[in-house]
Amino acid sequence: MNALELKLCDIQGRLFELSVDRQLGSVSFIRIFMNSETAKALDSSYNRMQWAGEEYLLEEVVEAAGDKLREKGKVYPKDVIYWIGYIYRYWHYYTEEASKAIYKQAPAETMRRNYLMFHTMALEVAIEDLKEIYLQKHK
64 MNALELKLCD IQGRLFELSV DRQLGSVSFI RIFMNSETAK ALDSSYNRMQ WAGEEYLLEE
124 VVEAAGDKLR EKGKVYPKDV IYWIGYIYRY WHYYTEEASK AIYKQAPAET MRRNYLMFHT
184 MALEVAIEDL KEIYLQKHK
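Heads up, the sequence shown is in my numbering, so the first residue is 64 and it goes up one at a time.
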């Protein structure tokens, strides 16, 4: 993982934290973001979005989502949601999978449920374990 990729992991973690500041329901926000054009742009090998700050990225997602983000739901604690955002981006660089495919394997509730156990693990180990959980459920 190079320095730019690690910086983008941090930016995505902080982007997810901003959703808490806006009181956006975490499950809805995560689902919408991971399936968004913004996430797809961040997945590409180079895109101008990778140079945008987290505030700009949040505005892009909110604007594109329209009323879909108005759903109120539980807002995750900042430490949990930061980890989710960070590890999703790290997962992309680690496996080269698209955000949409990553979300399919590990939706918001799976990530929240496993946070306490996985957030202290090496990220690669946590990702492999999350992939294994998905495979066990879909055999």
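Beta carbons: idealized from backbone N, C-alpha and C, even for Gly.
If you're wondering where the values come from, they're calculated on a predicted model, not measured in any experiment.
Grab me the residues of residue i's own chain with a C-beta within less than 6 Å of its C-beta, minus the 5 sequence neighbours each way, in chain order.
i, result
"L193", "A169"
"M97", "S162, Y166"
Going by alpha carbons, who is nearest to residue i out of the options?
i, options, result
"Y156", "L120, S107, K202, W146", "S107"
"K200", "T173, A189, W154, H182", "T173"
"D73", "L179, L198, E118", "E118"
"G116", "E100, K137, G76", "G76"
"A164", "S99, Y145, A66", "S99"
Quick check on DSSP: helix, strand or coil for residue i?
i, result
"V138", "coil"
"A189", "helix"
"A169", "coil"
"E117", "helix"
"M174", "helix"
"M184", "coil"
"H155", "helix"
"A161", "coil"
"K202", "coil"
Who are the near neighbours of residue i in its chain, counting only those whose CB is closer than 7 Å to its CB and skipping five residues on each side?
i, result
"K141", "E80, V83"
"Q86", "V138"
Counting C-beta neighbours from all protein chains within 10 Å, is the total for residue i 16 or more, i.e. buried, or is it exposed?
i, result
"R176", "exposed"
"A189", "buried"
Tell me which same chain residues have a C-beta within less than 8 Å of the C-beta of residue i, skipping the five on either side of it?
i, result
"S91", "K131, L132, E134, G136"
Worksheet entry | Ordered list of alpha helix (DSSP H) runs contained in the stretch 77-115, each at least 4 residues | 89-97, 100-106
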